[in-house]
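Beneath this line is the structure, given in structure tokens, with notes to follow.
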Amino acid sequence: MNDNRYSGASEAELGFLKEIVRMLPAGLTVQDAHGELLLVNDAAAAQLGMDGSRPSPDLTPRREACRRALGAGQAVVTEEALHDGAARQVLLTTHRPVRLAGRELLISASSDITEQKNFEDQLFRSAYFDELTGLPSRRVIEHRANNLLARDGGERFALAFLDVDNFKHINDYYGHAVGDALLVELAKRLGRDLRDSDMLSRISGDEFLLLLSPIQGQEEVAEFMQATLERLTAPFFIDHSEVFASTSVGISIYPDHGSSFEMLRQNADIAMYRIKNDGKGSAAFFDASMEREALARTKIEQSLRLAILEKRFCCAFQSKVDIRTQAVKGIEALVRLRDDEGVIQAPGSFINLAGELGLIDELTHLVLAEIVKSIDLINDTFGADASISINVAARQAGNPEFMRSFAQALDNTGFPQRFMIELTEEAFVAKSHFQSEILPMFRKLGVGISIDDFGTGYSSLSALADITADEIKIDRSFITDIHKRPRSQGILRAIESLSEALGMTVIAEGLESYEELAYLQAATKIRYAQGYYFSRPIFLEELKLATPVASESRASVASRPMQQNRHGYSRAGGYRR
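Numbering of the sequence shown is given in full-length UniProt numbering, commencing with residue 1 and proceeding in unit increments.
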């Protein structure tokens, strides 16, 4: 039998087969044992730059693979990355040695998998690198730390948890594009002066992890972090804006503060929260006392979620009083938490946490529901004309969805004009829809607007210029000991004049002594104040005890002796409506 099965084929048939080989979508080459190419189809010519369309790439790796296949007498499958400048082409090639007509030949078939490899690379980068900053992801730095932990000898290293301060405010004020650009620039500054053995990772929104390895001790790490934080004090120039940013840093050290990555990360996180609470913009090492604080915080978090579920919040009401007649102008509703033991917790222990956990909206609606349920009792105690103030956080004010639902809830009470919304200055200076879309809704309902804690925010004067508020509450830091603080007196007079010119009622917050009251009465035109001098916050249960029966006049409440009604009224001897 003739070894050449196609010896009888017609010339037309051979030409047909050659055309098929030439036009195959896969690259096909045939070469002899010396590496000389005997056949190259069109696809292979284009792939290898042999058609003149581009410079021929370096084929040295391909020749080596061919040599291995011929030497071993077995097929070899390789991925070939062919570079043409910045462009990259990836081929999946099978080199198969064959013996035909007594000759040793190598048939190579290549498929272009460039698009597939690019997609795989994209998936890899999204899994292991942050898309915005290009930094390694959490899983990469965790893998690196675990490798260090697995080594014999226990090499010391530090893990720093970094969180950008007030990042939400930056996003709200400048916009998310500037916020993203800031994160990129922050990553560059944080990554400066790092060694090859160190690693910086962005693990979420505005949070970074920094691994410093190896280290000698805390002093070395402290010096490095101090230099890094000082580098961040210089302004960032982004989109024609001068943006200032700081970072709070918590640091844990292996093996002093943990024996696993998760424990070290958690303890660094705990130390970072201590910095956040103490003033931000600096660094702290973890210590055992922080762990106790974190446990207490976790307990409060659990209590908070359970309290909302079980509706264990209660309201207290503090009056806004005319300092010359002691008549009640209005009341502020203050939310309180009753813990597992029945002890009342002040809002300082849970309000910020409620905001962090996304529970603040539900809490605000609970306060409104409590007011509506108790409105008759409130009217009997404070008078049916007293305004009712409810605090709304700045982040809520910038959320149109919540504010629309809250406006609807106020309207559903049937007496929306009784309400005053108290907002801090952040709500007014943030670039949100509050002034253009949200504020008109409340104006239409007759709901009043109050600027709370005035004088301590980001842009006091711009807040006054940009919005028409009904009321401005001067922060207690200006009122405390006002009678013996000349500089505060000057500031108070300026705020009073501005408020009068803009038609806003002034409320002095935190009035606690007769001397403070006497100064306000004698040296200012301020008519209203709020504070322990007149009344501490009064709970609904106390209102029920203090409210007279229907046959008694309302005025009798204020005229009761202090010792009989000490829960409801202060050392000033009560107030009148």
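A virtual CB, placed ideally from N, CA and C, is assigned to each residue, including glycine.
Keep in mind that this is a model prediction, so the values were computed, not measured.
Cβ-Cβ distance between residue i and residue j below 8 Å
| i | j | result |
| --- | --- | --- |
| A394 | L423 | yes |
| A69 | H95 | yes |
| R144 | L211 | yes |
| L91 | Q122 | no |
| F236 | E185 | yes |
| L359 | I308 | yes |
| A181 | R202 | no |
| G330 | S389 | yes |
| E301 | S213 | no |
| G383 | V328 | yes |
| A81 | T93 | no |
Residue i to residue j span [Cα, whole Å]
| i | j | result |
| --- | --- | --- |
| I107 | H34 | 13 Å |
| E11 | E131 | 59 Å |
| I507 | Y528 | 5 Å |
| V321 | S436 | 32 Å |
| R418 | A397 | 19 Å |
| R62 | D193 | 41 Å |
| I438 | D452 | 18 Å |
| I472 | S387 | 14 Å |
| L17 | V77 | 26 Å |
| E13 | E120 | 42 Å |
| I482 | Q226 | 38 Å |
| G15 | R22 | 10 Å |
| E496 | I371 | 31 Å |
| Q521 | I323 | 7 Å |
| R305 | H169 | 26 Å |
| Y532 | F454 | 19 Å |
| E230 | A518 | 46 Å |
For residue i, the nearest candidate out of the options (CA to CA)
| i | options | result |
| --- | --- | --- |
| T325 | F534, E155, L132 | F534 |
| A316 | L309, K299, F129, L337 | L337 |
| residue 596 | N412, L148, E120 | In this structure the chain extends from 1 to 577, so residue 596 is not present and cannot be described. |
| D470 | D481, R487, M420, E496 | M420 |
| M263 | R312, D180, E509, D287 | D287 |
| Y128 | N412, H169, F119, I141 | I141 |
| Q218 | I371, E207, A283 | A283 |
| G179 | D206, G191, D163 | D206 |
| T298 | E310, D278, Q266, S319 | Q266 |
| Q408 | S289, L368, A384 | L368 |
| V30 | E104, G49, L82 | E104 |
| T413 | K373, R404, E401 | K373 |
| S477 | A296, E516, E500 | E516 |
| G250 | G281, G510, H240 | G281 |
| D256 | A158, A87, G383, I538 | A158 |
| I474 | T468, L511, R485 | L511 |
| R138 | G503, F261, S246 | F261 |
Environment of residue i [buried if 16+ CB atoms lie within 10 Å]
| i | result |
| --- | --- |
| I20 | exposed |
| residue 590 | Given that the chain is displayed from residue 1 to residue 577, the structure contains no residue 590 and the question cannot be resolved. |
| residue 595 | This structure does not reach residue 595, given that the chain is present from 1 up to 577, and the question cannot be answered. |
| A514 | Contrary to the premise, residue 514 reads as Tyr rather than Ala in this sequence. When all chains shown are included, Y514 counts as exposed. |
| V98 | exposed |
| N41 | buried |
| R195 | exposed |
| P25 | exposed |
| D163 | buried |
| Q530 | buried |
| E332 | buried |
| G134 | exposed |
| D32 | exposed |
| P486 | exposed |
| E425 | buried |
Any C-beta of chain C under 8 Å from that of residue i
| i | result |
| --- | --- |
| F16 | The question asks about chain C, but that chain is absent: this structure has only one protein chain. |
Original post:
In chain order, which alpha helix (DSSP H) runs of at least 4 residues are fully inside the stretch 352 to 382?
Top reply: 360 to 373, 375 to 382
**OP:** Note down, one range per segment and in chain order, each alpha helix (DSSP H) of at least 4 residues found wholly within the stretch 468 to 516.
**Re:** 476 to 479, 486 to 501
Subject >> Runs of alpha helix (DSSP H) lying entirely within the stretch 390 to 437, each at least 4 residues, in chain order >> reply: DSSP runs (the alpha helix (DSSP H)) wholly in the stretch 390 to 437: 394 to 397, 400 to 412, 426 to 429.
Subject >> Runs of alpha helix (DSSP H) lying entirely within the UniProt domain "GGDEF" (155 to 288), each at least 4 residues, in chain order >> reply: 167 to 174, 176 to 191, 218 to 232, 261 to 278
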